[in-house]
Structures are given as C-alpha cells and as structure tokens.
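Each remark here refers to the structure printed beneath this line.
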Amino acid sequence: MSLCLLEGAAVLAFNILGTLAAEHQVIVGGTNLLRYTPEYITADPGDTVVFSFRQENHTVTQSTFDSPCKISENGFDSGFQPVASDDTDGPFPAAVYTVVDTNPVWVFCRQVGHCQQGMVFAINPGTRFAAFQAAAMGNATTSSVAAMATSTTADASAVLDTTSTVSLQTTAPVATPNSIVVTVTSIQTTTVIASSTSLAPSSSPVSSTSAASPPTSTSTDHTIIVGGIDKLTYSPSNISADIGDTITFKFMQSNHTATQSSFANPCVELAETSTTGEVGFDSGFMPVADNATTYPTFTIQVNDTSPVWVYCKQTSPKSHCGAGMVFSVNAVETGPNNFSAFQSKAIEINGTATNATKSSGAGTAAPCVWPCAVAAVVVLLAGLFI
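Note that our numbering numbers the sequence shown so that position 255 is 255, with each residue one more than the last.
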C-alpha cells in the first residue's frame with residue numbers, strides 16, 4: 001500500500017476516533033457550595049472528565065460504593081486544590097480523568113466533613129447514585145487528611161499519573177508575575193492538618209481514628225524549614241517527637257513537598273510501596289517565589305513513636321530526594337535504620353525507585369486506550385486497500 005494511502009487511513013482513523021470521545025465538564029465546589037456539578041455523568045471509554053475547582057479547598061478522590069468517604073486502594077486523588085473565596089475570575093486549577101471502561105467510578109471530596117454533607121460524584125453510576133450519596137451522608141468516617149485553607153490560589157500544574165488505570169492530570173502551567181512556573185502540581189498558600197499514617201496492619205488506609213486533632217496545651221509544635229534559595233534541605237532534618245506533638249513544615253523558596261515514604265524506599269510515596277494499605281501523607285507541591293513574604297505550611301500530628309520517613313518528590317531540574325533532601329521523625333539513631341542511612345540510601349539511588357517499585361511521581365503507565373484504538377482502526381482501514 002502506498003504511503004499516501006497509509007497517511008489517509010491514519011487521518012481517517014483519528015477523525016473517526018475523535019468523533020467517539022466527549023469531554024465532560026464538572027465544577028467542583030464554589031462559594032458556599034459543597035457539590036460537584038453535575039453530580040454524576042454517563043461516559044464512554046476514551047471520554048475525558050475535566051474537574052474544574054472553585055472556591056474553598058476540595059479534592060477529586062476515588063472511593064468505592066461500599067465506602068463512599070474512604071480513598072480506595074490504588075484510587076486516584078487530585079490532592080487539595082485551594083481556591084480563594086474572592087477568586088471569581090480564575091484561571092482555576094483543573095484535573096482531567098480519562099474514562100477507561102464503562103464500570104462505575106465513585107468519587108468524593110476528602111476535605112473533612114464534605115463527603116458527609118453529600119459532596120460525592122460518580123461516572124456511570126446507573127441507578128445507584130442516590131444510594132451512594134445517602135451512604136456518604138450516613139458515613140461518620142473522615143479522611144486522615146484534614147485541610148484548612150487560608151487565602152489561596154493555585155497556578156502551575158502538570159501531569160499526575162496516579163494508578164495503572166487512571167490518567168489524572170492538571171492544567172498546563174501559566175506564568176504569572178508572582179509565581180514560579182514548574183511542571184508539577186502547585187498550590188500557592190495552604191495550611192493543612194494531617195495525621196502521620198503509621199497504621200496497624202489491620203487498619204484501613206483512611207479512618208476516623210487517624211484524623212488529626214488540634215495540638216493540646218502539653219504538645220510541642222516542631223517547625224521544619226523546607227528549602228530556601230539554593231537549598232535542598234529540611235532544617236532540622238531529623239527530630240524526636242512525642243505522641244500528640246505536631247510538625248509544621250514551612251515551605252520556603254523554590255517548589256518542594258513533604259511526602260511520606262519508607263526507609264526501604266526513601267524516594268517513593270508510601271502509598272505505592274505499602275503492603276498493609278497505608279496511604280501516607282503528602283503536602284503536594286508548594287511553589288514559593290524568590291520574593292515571597294508569606295510561606296505555605298503543612299502540619300502533621302504524631303500518632304505514635306514509630307519512625308516517620310519523609311522526602312521531597314520534586315524532580316525538576318533534578319531529583320531533590322536524590323540530592324539528599326529527606327527528613328525523619330523518631331529515627332532510631334542507635335540502630336541500622338538511622339537518619340544517616342536513610343539519607344545515604346536516597347542519594348545512592350539518586351531519587352529513583354528500587355527495582356521492585358516505580359519511581360517517585362511517575363505512576364504506572366495507563367492502559368492502552370487511544371494508541372491501541374488508533375492502531376486497530378488503522379489496521380482495519382489498511383485492510384480495505386490491500
């Protein structure tokens with residue numbers, strides 16, 4: 001078959017596929033509105049769902065029909081996307097989900113109390129959405145991450161590969177005079193209260209018992225400075241903390257995270273390597289301009305005295321974890337799993353995953369949907385000319 005015919009078949013294939021896909025717009029939140037609008041849709045494989053975040057601080061987080069307000073195992077999560085109450089013009093942060101099959105997809109907002117007030121969403125729920133929402137409103141379980149947004153904006157963002165069946169991405173970077181254009185999800189200013197997720201094997205990944213409570217009068221708040229101009233450090237990098245203490249990460253210049261990992265895999269999110277269902281905390285990326293005068297913070301509460309391992313998952317222009325940007329709480333300095341060994345391991349593997357795990361921030365490739373479909377149609381059309 002001639003090259004011309006092949007090119008024509010390919011163009012025709014793309015045109016055919018283009019007519020099959022639809023884009024569904026979903027508004028997340030809004031002024032005094034705890035709702036996804038619309039609350040559910042019917043979509044075909046290959047369709048995209050664009051979640052556009054509005055005022056307050058919401059997420060798009062996958063759950064299950066049986067547990068509406070719990071993050072599902074290997075489920076996708078947009079992370080918190082704060083939008084200031086006075087920001088009515090945007091641009092607004094967005095996350096894009098590509099539908100891979102016709103099975104139901106159940107979604108909730110993991111901001112504390114939002115799911116319990118009916119802030120849920122579904123793709124292809126059939127006749128079960130009302131039951132799903134009713135179960136959420138009768139479910140007392142809360143997320144292990146309780147976020148409280150201050151005046152906030154979200155500016156630059158990029159692709160987040162979250163699971164093997166999901167392509168969840170955020171909108172392309174937009175340059176502004178007071179922002180750093182980066183290729184990662186970014187949130188300008190936010191304060192988050194989160195729990196350290198040192199869960200027992202029998203515990204579920206997200207439970208009401210792991211939700212953080214405000215520090216008591218006897219607890220200590222440990223302030224950790226994250227980054228700074230030409231600094232890839234947490235300062236201090238290793239601390240001891242008691243149960244009930246809080247740890248506040250204060251993000252300085254550049255664009256960093258405070259992401260829980262494990263000693264065995266210093267530069268991989270705990271959720272990707274845990275065999276007991278632990279989710280782990282993650283501040284998300286916190287870009288701070290060189291001339292900034294206010295700084296975002298992220299606070300976790302210590303639930304027990306087990307070691308907690310933390311890293312920065314920034315990889316542009318190089319791996320921050322691979323450069324030794326790691327942190328620990330209650331590392332046993334007299335044993336082999338001490339902070340120095342943790343940092344050395346991170347540097348040794350240069351911020352990449354071990355052979356048994358995937359690299360930080362780069363989830364498993366999504367299943368072949370469009371490329372395979374295109375190939376199939378091209379082959380089919382090519383057969384007409386043979």
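We treat Cβ as the ideally placed atom computed from N, Cα and C, and that holds for glycine. This one's a predicted model, so the numbers in the text were calculated from it and none came from an experiment.
TODO: Would you kindly check if the distance between the Cβ of ILE243 and the Cβ of SER235 is under 7 angstroms?
DONE: Here residue 235 refers to the residue found at position 235 of the sequence shown. Here residue 243 refers to the residue found at position 243 of the sequence shown. Contact flag unset, no.
Task: First and last residue of the uninterrupted alpha helix (DSSP H) at GLN25 - done: For the purposes of this step, residue 25 is taken as the residue at position 25 of the sequence shown. Per DSSP, GLN25 belongs to no alpha helix (DSSP H); it is in the beta strand (DSSP E), 23-28.
Task: Distance between THR127 and ALA292 (C-alpha atoms, nearest Å) - done: Counted from its first residue, the sequence shown places residue 292 at position 292. Counted from its first residue, the sequence shown places residue 127 at position 127. Each residue's Cα considered, the two are about 50 angstroms apart.
Open item on the list: Just to confirm the assignment, what range does the alpha helix (DSSP H) spanning ALA43 have?
Closed with: The count along the sequence shown starts at 1 and reaches residue 43 at position 43. In the DSSP assignment, ALA43 falls outside any alpha helix (DSSP H) and carries neither an H nor an E.
Task: Residues sharing a beta bridge with ALA271, DSSP - done: Stepping through the sequence shown from its first residue, residue 271 is reached at position 271. Partner(s): none; ALA271 has no beta bridge.
Task: Residue nearest to ASP282 in terms of C-alpha spacing, selected from PHE249, SER306 and VAL288 - done: Stepping through the sequence shown from its first residue, residue 282 is reached at position 282. Nearest C-alpha to ASP282: PHE249.
Task: Reference PRO296, options VAL332, ALA271, GLY228 and PRO317, closest by Cα - done: What you label residue 296 is simply residue 296 of the sequence shown in a count that begins at 1. Considering only alpha carbons, the answer is GLY228.
TODO: For GLN343, collect the residues of the same chain with a Cβ closer than 7 angstroms to its Cβ; drop the 5 residues on either side in sequence, then sort them by chain order.
DONE: Translated into positions along the sequence shown, residue 343 becomes position 343. Hits under 7 angstroms: GLY324 and VAL326.
Open item on the list: Assuming LEU325 is part of the alpha helix (DSSP H), what are its boundary residues?
Closed with: Sequence index remark: in the sequence shown, residue 325 carries index 325 (1-based). Here residue 325 turns out to be Met, not Leu, going by the sequence shown. Per DSSP, MET325 belongs to no alpha helix (DSSP H) and is neither H nor E.
- [ ] For the beta strand (DSSP E) containing SER261, list its first residue and its last residue.
- [x] Start at 1 with the first residue of the sequence shown, and residue 261 comes out as number 261. Counting along the chain, the beta strand (DSSP E) containing SER261 begins and ends at 259-261.
Task: CA nearest to the CA of MET137, picked from SER319, GLY90 and SER67 - done: What you label residue 137 is simply residue 137 of the sequence shown in a count that begins at 1. Out of SER319, GLY90 and SER67, SER67 has the C-alpha closest to the C-alpha of MET137.
Task: Reference THR246; option with closest CA among GLY322, ASP77, SER219 and LEU270 - done: Residue 246 sits at position 246 when you count from the first residue of the sequence shown. Of the listed residues, the one whose Cα sits closest to THR246 is SER219.
Open item on the list: Whole angstroms are fine: how far does the CA of GLN117 sit from the CA of GLY322?
Closed with: Mapped onto the sequence shown, residue 322 falls at position 322. Mapped onto the sequence shown, residue 117 falls at position 117. In this structure, the straight-line span from the alpha carbon of GLY322 to that of GLN117 is close to 42 angstroms.
Open item on the list: Looking at the strands, I want to know which residues DSSP matches up with GLN62.
Closed with: For this step, residue 62 is matched to residue 62 along the sequence shown. Listed as beta-bridge partners of GLN62 by DSSP are VAL107.
TODO: Label LYS313 either buried or exposed according to how many other C-beta atoms from any shown protein chain fall within 10 Å of its C-beta, with 16 as the threshold for buried.
DONE: By one-based count along the sequence shown, residue 313 stands at place 313. Around the beta carbon of LYS313, a 10 Å sphere encloses 16 or more other beta carbons of the protein chains shown; the residue is thus reported as buried.
Task: Residue environment, ALA134, which counts as buried when at least 16 other CB atoms sit within 10 Å - done: Here residue 134 is taken as the residue at index 134 of the sequence shown, counted from 1. Residue burial annotation: ALA134 is exposed, with fewer than 16 other C-beta atoms found within 10 angstroms of its C-beta.
TODO: Please state if the CB of TRP106 and the CB of ALA95 are separated by a distance shorter than 7 angstroms.
DONE: By 1-based counting over the sequence shown, the position of residue 95 is 95. By 1-based counting over the sequence shown, the position of residue 106 is 106. Cβ distance not < 7 angstroms, so ALA95 and TRP106 don't count as in contact.
Open item on the list: If you measure between the beta carbons of VAL288 and MET252, is that distance less than 7 angstroms?
Closed with: Taking the first residue of the sequence shown as 1, we reach residue 288 at position 288. Taking the first residue of the sequence shown as 1, we reach residue 252 at position 252. Yes; because the gap between Cβ atoms is below 7 angstroms, this pair is in contact.
- [ ] Could you say which of TYR97, ILE71, PRO104 and VAL49 lies nearest to CYS115 if we only look at CA atoms?
- [x] Reading the sequence shown from its first residue, position 115 is the one you call residue 115. Per the Cα distances, ILE71.
Task: Beta-carbon proximity check, THR59 vs CYS109, cutoff 7 angstroms - done: Stepping through the sequence shown from its first residue, residue 59 is reached at position 59. Stepping through the sequence shown from its first residue, residue 109 is reached at position 109. It is a contact, given that the beta carbons lie within the stated cut-off.
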